[in-house]
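Enquirer:
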Amino acid sequence: MKIPKMILFDYGQTLIAEQRFDGIKGTEAVLKHATRNKYNLTAEQIQERANELNKEFGRYDPEKKHLLQIEIPNTMFTPYLYDSLGIEIELSNAEIDTVFWDAAAPGVPTEGMENFLEYLKNKGIRTGVISNIAYAQSVVAGRINRMLPGNSFEFIITSSNYIFRKPSKRIFDLALEKSGLNPDETWYIGDQYECDIKGALNAGIFPVWYIGAIDLPYKDDKNILTVKTWDKLMEIMSVS
């Protein structure tokens, strides 16, 4: 196994372990900043409309989301959602993303992540991020930098900012272009098999399947390097 010059990370359940998503809590937090609510809609009613739109778009369906390789960013989704319901919010789109996300899905670094990033820094191994996410890139970067202040990520690529979603090869190719590296000099670590593992393989990048924060059943793949802890990955890298 060849030690990489750079490791690219997924965000959710890889860098940061998030609590189970609660859209109603997120919408309740946003509604506190409403200057107009024409129909006096509740957070539950607004979330019903959001769910209806997401179903129409094919977003977030666990059986199909890996097939959706074009992102619909919240900078487009959120204005339509609130404006179509006669609601005005005294926040920018990025501020709405932050308020909603912090309430709907609080997170903490996955256990041992800070130590692993420090290990990579000490080894001179570069790092970056590729995330399938609808939140604004600045909001994602802000959360990562707040929760992992010692990181040395050279770039944080989000599908919200670059159109394409994993497992599309295009978003991995973009990261390689930014890094100036070849696929065989790079690893990608993620928790989602279809998007992260298959996507990396399709781009010629060595995948590592991190399952330490997965709260759903998974099917083992003996052909893929799979780890439950960052300490274990450090051990594997140290003897390679």
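Residue numbers (the working numbering): 586 to 825.
The C-beta atom is built at its ideal place from N, Cα and C for all residues, glycine as well.
Closest to Leu733 by CA distance: which of Ser744, Thr743, Val714 is it?
Expert: Taking the sequence shown and counting its residues from 1, the one referred to as residue 733 is at position 148. Among Ser744, Thr743, Val714, the Cα nearest to that of Leu733 belongs to Val714.
Enquirer: Can you tell which of Val693, Leu652, Val684, Asp646 has the C-alpha that lies nearest to the C-alpha of Asn659?
Expert: For this step, residue 659 is matched to residue 74 along the sequence shown. Answer by Cα proximity: Val684.
Enquirer: So, at 8 Å on beta carbons, what are the nonlocal neighbours of Glu703 in its own chain, with the 5 sequence-adjacent residues on each side left out?
Expert: Here residue 703 corresponds to residue number 118 of the sequence shown, with the count starting at 1. If we look at Glu703 and ignore the five residues flanking it on each side, its Cβ neighbours are Gly735.
Enquirer: Identify whether Asn746 lies in helix, strand or coil by the three-state DSSP scheme.
Expert: Position 161 of the sequence shown, counting from 1, holds the residue named residue 746. In the structure shown, Asn746 sits in a helix (DSSP, three-state: H, G or I).
Enquirer: Over what stretch of residues does the alpha helix (DSSP H) that includes Asn736 continue unbroken?
Expert: Here residue 736 refers to the residue found at position 151 when the sequence shown is read from its first residue. Careful: Asn736 lies outside any alpha helix (DSSP H) and carries neither H nor E.
Enquirer: Using three-state DSSP, classify Asn717 as helix, strand or coil.
Expert: Numbered from its first residue, the sequence shown carries residue 717 at position 132. Asn717 falls in the coil class under three-state DSSP.
Enquirer: Report yes if the C-beta distance between Thr663 and Asn678 is below 7 Å; otherwise report no.
Expert: Stepping through the sequence shown from its first residue, residue 663 is reached at position 78. Stepping through the sequence shown from its first residue, residue 678 is reached at position 93. Cβ distance < 7 Å, so Thr663 and Asn678 count as in contact.
Enquirer: Kindly indicate which residue of Asn730, Ser823, Thr620, Glu633 has the alpha-carbon position closest to the one of Leu570.
Expert: Outside the displayed range of the chain (586 to 825) lies residue 570, so it cannot be described from this structure.
Enquirer: Taking Phe738 as the reference, which of Asn746, Ala760, Ala721 has the closest Cα?
Expert: Counted from its first residue, the sequence shown places residue 738 at position 153. Among Asn746, Ala760, Ala721, the Cα nearest to that of Phe738 belongs to Ala760.
Enquirer: Could you check how far apart the C-beta atoms of Thr743 and Ile718 are, in whole angstroms? I think they sit under 8 Å.
Expert: Within the sequence shown, numbered from 1, the residue matching residue 743 stands at position 158. Within the sequence shown, numbered from 1, the residue matching residue 718 stands at position 133. Right, their Cβ atoms sit about 5 Å apart.
Enquirer: Where Leu593 and Asp800 are concerned, what is the direct C-alpha to C-alpha distance, given to the nearest angstrom?
Expert: Within the sequence shown, the letter at position 8 stands for residue 593. Within the sequence shown, the letter at position 215 stands for residue 800. For Leu593 and Asp800, the distance between alpha carbons rounds to 22 Å.
Enquirer: Tell me which residues share the same chain as Thr771 and place their Cβ nearer than 6 Å to its Cβ, disregarding the 5 neighbours each side in the sequence.
Expert: Counted from its first residue, the sequence shown places residue 771 at position 186. Pro589, Met591, Ile790.
Enquirer: Roughly how many whole angstroms lie between the Cα atoms of Thr814 and Phe701?
Expert: As a position in the sequence shown, residue 814 is number 229, starting the count at 1. As a position in the sequence shown, residue 701 is number 116, starting the count at 1. Looking at the two C-alpha atoms, the distance is approximately 10 Å.
Enquirer: Would Gly765 be called buried (16 or more neighbouring beta carbons within 10 Å of its own) or exposed?
Expert: Residue 765 sits at position 180 when you count from the first residue of the sequence shown. Gly765 comes out exposed.
Enquirer: Helix, strand or coil for Tyr665, going by three-state DSSP, please let me know.
Expert: Here residue 665 refers to the residue found at position 80 when the sequence shown is read from its first residue. Of the three classes helix, strand and coil, the one that applies to Tyr665 here is helix, per DSSP.
Enquirer: Please identify the residue among Asn746, Glu699, Asn707 whose C-alpha is closest to the C-alpha of Gln722.
Expert: Within the sequence shown, residue 722 is the residue found at index 137, counting from 1. Comparing Cα-Cα distances from Gln722 to each of Asn746, Glu699, Asn707, the minimum goes to Asn746.
Enquirer: Just reading off the beta strand (DSSP E) that Leu852 is part of, what are its end residues?
Expert: Since the first residue of the chain shown is 586 and the last is 825, residue 852 is not available in this structure.
Enquirer: Here's the rule: buried if 16 or more other CB atoms are within 10 angstroms of the residue's CB, otherwise exposed. What is Leu652?
Expert: One-based indexing of the sequence shown puts residue 652 at position 67. Classification for Leu652: exposed.
Enquirer: Apart from the five residues on each side of it in sequence, which residues of its chain come closer than 6 Å, Cβ to Cβ, to Asp816?
Expert: Counting from one through the sequence shown, the residue named residue 816 turns up at place 231. Answer for Asp816: Gly697, listed in chain order.
Enquirer: Please report the residue range of the alpha helix (DSSP H) in which Phe757 lies.
Expert: Looking up residue 757 in the sequence shown gives position 172. First-last of the alpha helix (DSSP H) with Phe757: 754-764.
Enquirer: Which class does Tyr704 belong to by DSSP, given the choice of helix, strand or coil?
Expert: To locate residue 704, count along the sequence shown from 1; it is residue 119. Residue state, collapsed to three classes: helix.
Enquirer: With Thr620 and Glu675 assumed to form a contact (beta carbons below 8 Å), what rounded beta-carbon distance in angstroms separates them?
Expert: As a position in the sequence shown, residue 620 is number 35, starting the count at 1. As a position in the sequence shown, residue 675 is number 90, starting the count at 1. About 5 Å; that satisfies the 8 Å criterion.
Enquirer: Does Tyr645 come out as helix, strand or coil in the three-state DSSP assignment?
Expert: In the sequence shown, counting from the first residue as 1, residue 645 sits at position 60. Coil at Tyr645, not helix or strand.
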